[in-house]
Every structure is written in structure tokens, then in C-alpha cells.
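Visitor: Numbering (my numbering), first residue to last: 394 to 836.
Even for Gly, the Cβ is constructed at its ideal location relative to N, Cα and C.
Everything numeric in this text was worked out from a predicted model, so none of it was measured.
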Ligand SMILES: [Zn+2]
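This is the structure we're talking about:
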């Protein structure tokens, strides 16, 4: 009697070469043809193989902001080897990011955000941004075995090959350049490789997604900022900006046959209706532009349920504060009771995968990346609470039928293509003169 144990190869050969024989022998052994077919690849193994070949290149992480908030940028007592909870104080809670968890998350390249508050007057924001660039470079230098400063796509590739995390700098918000092309150029020289055109408020030259529109997108100067960024090879980041700003930036770039844009940490608006997310009208322009949406893990952007719960909680706090003016203890007590009856809504790994599915369906597999926003939010989705969670996301995508090649594009190959294209555009325009604008004369 034929052995019931068949290797995948012999089962496949039987099915292809002699289906009748396979059927007959299957009947003899009590096996069905389905059982003889090669087993479907294990999703976790597909994800592992993809992240081994192409580690995650994450578009946005706020560790530098945590260093400023918790440590006043003094690294002496900061241990990137372990940022789990150190105590119960507000500054001792667990961070989302440390070296062991980056390794567990298969992160191979990271845009560290040198974000500073957009509430600062612009000149102060410029100083603070330089301080954030400085602290990030000091952090990278402090861990030379694990981190490597990356200024070019070749630097990223080299660091990944050495098993280090390629560390790039991204500026989050146009306020960081103080409305000055000179500052923009010098930020590039200091190492910044993307500028998000706005944060959550408008700049004097670009509208944000989360403020009342003032400019209907980009002003003329805003268009000049985009052109100058592309001339240098600095990536234009359209996370946080209004839809009109997205469209204006893409129009300027299309006119110049310019380089691809990124969304360093955004979702799809058709899946979760938050103004921070990318509408289909913009997703549809990604194939022509070549850009990518690096999908965010922030629960309020991923899930309408979380958004709804967040606004109900805000409304309840406002109601209680109006009911008990000046009685904070009473407000806290009633809010605790409300929270007991209304447990927080949670986002899931499946929610994040739904955004990726939608962007694939509208823009295509070549236009997706990952931009977690870890340490810039309260928590990630269930099962992806910190940067160690990426393999779980990629396993979910493999389970949904994404091939290893698809997963490698999402994890880092798309981002590599985009940075190389931005560098190629800059190289082609190396002979173009810097765009000049007059500075104000001193009184
Ligand atoms: Zn952000």
C-alpha cells in the first residue's frame, strides 16, 4: 500500500502528471485531492521572509519629542536599551520604542521626527527644530552598533546590510523653516530629508487638514517651497495638510515633472473619515506621481468607532465641566463612572490592514508604506501597541493574500524607490540655481 505521507513535490507531480492516478491512489489511501495539494504557505512564514529580505522602513517616529518632553534633551540618563515603564509618574510611563523592540518589529530604517510644537512663534520653532536635529544625531551617535545616520538611499541600503537601523531625519511642519527658503536649505544641510508642509495649524503659506482654510491650499510662496525642496532632493510630505494643499503640491510637482511625494503617517479617508487621512481623489493621483502613503497606526485615524468614542468622551467632559464649574473632583468622579459604562473603543490590526487594502485597491501596491507614529500617540492598535508589532501586521496581510513580493514593497521597497527618485530628480537639476527670495531689511 502506498504511503499516506507524500511530500509536497510528489503530491504536486501526481496532480499535474496523472490526475486519474492521483485520484485513484487518493481513494485507496483515503486521501482527497485537496489533501494532496501543496499546503498553503503559513502567513507568519511569508511575513517573516518578507521582513527578513526587506525590513520595515517606518515614516514617522516621535522618540526625539519624548527626549525633549521627558529628559529636556539630556541623554545622560536615557537608556534606549529599555524604555519600558520606569515608574508611575507621568514621565515614567512606557515609551513605544526602544532598541530591543525595534529589532523585534523588524524595523530596518526609521525617519525620526524632529517635530516641535506649531504653537511656537516661527523663530523659536526654528531654534527648537535645530535642537531636535541635534538630540537625534546625539542619540544615533550614542548607539553606533544599532543605529546609523542615513542621508541618502545608499546610506539606508548600507545600514540595512550591516543590520543597523538606518536613521533619517524628518521635519514635521512648515513652521520649522520660519517661512524662509534659506532656513529650508540649511535644514537640508543639517540632514533633514523630508518636510511635512504643515502640522495641525496653517503656516503662512499652506493650509492644514485640521484648521480653518486660509489660503485654499498653497500660496505662491508655498509652491516655491515645494519646488525648492524638490530641487534639493528633500521629500515633500503631505501628511497633516488639507486636501487643497495636497492637490496644489501635486499640481506644482506634475508641472515640473517632479519627484514622488510621501505621506509619512496617514490613513485612507474612505476607511476612517478623519481629515488627517488621504481622500480617494488624492490616492488616485499616486500612480502618476509615484508617491506613497505610509499607513499610520494611530487608533483615532484608523477606526471610525475610536473617533466616535473620542468625541463622545470630549462631549461628556465638557458637559460635566459645565455642570460642576470649579469642582474638578466631582468631574473626575463622574467621568470615571462614565468610563466604566462606556469602555474605550479600540482599533485593531485588521483596521490597519483595511487601510492598506483600500490604498492598494485605489492607488496600487506600489504606493503603500508604513508610518506608525509611535511615541507620538497614546497607544497603537490592539496587538500593535509598540514598534514590536509590525510582524503581526504583515502576518495579517499575508493571511489576506498579499504575496511576499507585495509585503516587501510595503515594508521598504516602495520607500526606497521614492527616495531614489527624489535623489535622481535632484541630480538632474544639480545645475539649477537656488530659488532666491529677498529677506526683510532691518529697521
Ligand atoms: Zn503627526
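May I ask which residues mark the beginning and end of the alpha helix (DSSP H) holding residue 748?
Guide: Here residue 748 refers to the residue found at position 355 when the chain shown is read from its first residue. Unbroken alpha helix (DSSP H) run through residue 748: 742-755.
Visitor: Is there at least one non-hydrogen atom of ligand 1 closer than 7 Å to the beta-carbon of residue 769?
Guide: Indexing the chain shown from 1 puts residue 769 at position 376. At least one heavy atom of ligand 1 is nearer than 7 Å to the Cβ of residue 769, so yes.
Visitor: Span of the alpha helix (DSSP H) holding residue 580?
Guide: Translated into the one-based positions of the chain shown, residue 580 becomes position 187. Per DSSP, residue 580 belongs to the alpha helix (DSSP H) from 574-583.
Visitor: Checking the sheet assignment: what are the DSSP bridge partners for residue 767?
Guide: As a working note, residue 767 is residue 374 in the chain shown. Residue pairing by DSSP puts residue 767 in a beta bridge opposite 454.
Visitor: Check whether the stretch 573-582 touches the stretch 542-554, taking contact to mean three or more Cβ pairs, one atom from each stretch, closer than 8 Å.
Guide: No contact exists between the stretch 573-582 and the stretch 542-554.
Visitor: So residue 540 and residue 558 are supposed to be a Cβ contact under 8 Å. How far apart are they, rounded?
Guide: Residue numbering aside, residue 540 sits at position 147 when the chain shown is read from its first letter. Residue numbering aside, residue 558 sits at position 165 when the chain shown is read from its first letter. With a Cβ gap of about 5 Å, residue 540 and residue 558 count as contacting.
Visitor: Going residue by residue through the stretch 633-703, where are the continuous beta strand (DSSP E) segments of at least 3 residues, counting only ones entirely within it?
Guide: 655-659 and 685-688
Visitor: For the alpha helix (DSSP H) that contains residue 816, what are its first and last residues?
Guide: For the purposes of this step, residue 816 is taken as the residue at position 423 of the chain shown. 807-821 is the extent of the alpha helix (DSSP H) around residue 816.
Visitor: Relative to the C-alpha of residue 643, which candidate in 619, 752, 836 and 470 has its C-alpha closest?
Guide: Indexing the chain shown from 1 puts residue 643 at position 250. The residue with the shortest Cα to Cα distance from residue 643 is 619.
Visitor: With a floor of 4 residues, list each alpha helix (DSSP H) that falls wholly inside the stretch 581-629, ordered by position along the chain.
Guide: 613-625
Visitor: Per DSSP, residue 504 forms a beta bridge with which residues?
Guide: Against the chain shown, residue 504 aligns to sequence position 111. Answer by DSSP bridge pairing, in chain order: 561.
Visitor: Along the chain, where does the beta strand (DSSP E) that runs through residue 542 open and close?
Guide: In the chain shown, counting from the first residue as 1, residue 542 sits at position 149. If you look at residue 542, you'll find it in the beta strand (DSSP E) that goes 540-542.
Visitor: Under the three-state reduction of DSSP, which class applies to residue 775: helix, strand or coil?
Guide: Working through the chain shown from its first residue, we reach residue 775 at position 382. In this structure, residue 775 counts as strand in the three-state DSSP scheme.
Visitor: State the DSSP-derived secondary structure class of residue 416, mapped to helix, strand or coil.
Guide: Mapped onto the chain shown, residue 416 falls at position 23. Low local confidence applies: a pLDDT of 47 at residue 416 is under 50, so the model's placement there is unreliable, and no value is given.
Visitor: Based on the DSSP output, what are the partners of residue 462 in its beta bridges?
Guide: In the chain shown, counting from the first residue as 1, residue 462 sits at position 69. In the DSSP assignment, residue 462 forms no beta bridge with any residue.
Visitor: Pair every Cβ in the stretch 687-703 with every Cβ in the stretch 763-770, then say whether three or more of these pairs are closer than 8 Å.
Guide: yes
Visitor: If you compare alpha carbons, which of 462, 556 and 815 is closest to residue 528?
Guide: Residue numbering aside, residue 528 sits at position 135 when the chain shown is read from its first letter. Checking every option, the nearest Cα to that of residue 528 belongs to 462.
Visitor: Hey, out of 705, 715, 665 and 721, whose CA is closest to residue 697's CA?
Guide: Residue 697 sits at position 304 when you count from the first residue of the chain shown. Minimum Cα distance to residue 697 is reached at 665.
Visitor: Quick check: the stretch 447-467 against the stretch 492-505, are at least 3 beta-carbon pairs closer than 8 Å?
Guide: By the criterion of at least three beta-carbon pairs nearer than 8 Å, the stretch 492-505 is in contact with the stretch 447-467.
Visitor: Give a yes or no on whether the C-beta atoms belonging to residue 628 and residue 639 are separated by under 8 Å.
Guide: On the chain shown, position 235 is the one that residue 628 refers to. On the chain shown, position 246 is the one that residue 639 refers to. Not closer than 8 Å, so no.
Visitor: Would you call the stretch 701-715 and the stretch 653-673 touching, i.e. three or more CB-CB distances under 8 Å?
Guide: Contact between the stretch 701-715 and the stretch 653-673 is absent, with fewer than three C-beta pairs closer than 8 Å.
Visitor: In the DSSP output, what is residue 449 paired with across the bridge?
Guide: Start at 1 with the first residue of the chain shown, and residue 449 comes out as number 56. Beta-bridge pairing links residue 449 to 500.
Visitor: Could you please give me the residues that DSSP links to residue 762 through a beta bridge?
Guide: By one-based count along the chain shown, residue 762 stands at place 369. 687, per the DSSP bridge assignment.
Visitor: If you run the structure through DSSP and keep just helix, strand and coil, what is residue 444?
Guide: Position 51 of the chain shown, counting from 1, holds the residue named residue 444. Note: residue 444 maps to helix in three-state DSSP.
Visitor: Quick one: what's got a C-beta closer than 7 Å to residue 770's C-beta in the same chain, skipping five residues either side?
Guide: Here residue 770 is taken as the residue at index 377 of the chain shown, counted from 1. Excluding residues within five positions, the ones whose Cβ falls inside 7 Å are 691.
Visitor: So is the beta-carbon of residue 600 under 7 Å away from any non-hydrogen atom of ligand 1?
Guide: Within the chain shown, residue 600 is the residue found at index 207, counting from 1. No; taking the cut-off as 7 Å, the Cβ of residue 600 has no heavy atom of ligand 1 nearer than that.
Visitor: May I ask you to verify whether the stretch 429-449 touches the stretch 737-749, counting CB pairs closer than 8 Å and requiring at least 3?
Guide: no
Visitor: Can you give me the Cβ contacts of residue 417 inside the same chain, cut-off strictly under 8 Å, excluding the 5 residues immediately before and after it?
Guide: As a working note, residue 417 is residue 24 in the chain shown. Only weak support is given to the placement of residue 417: the predicted model assigns it a pLDDT of 47, under 50, and the question is left unresolved by the model.
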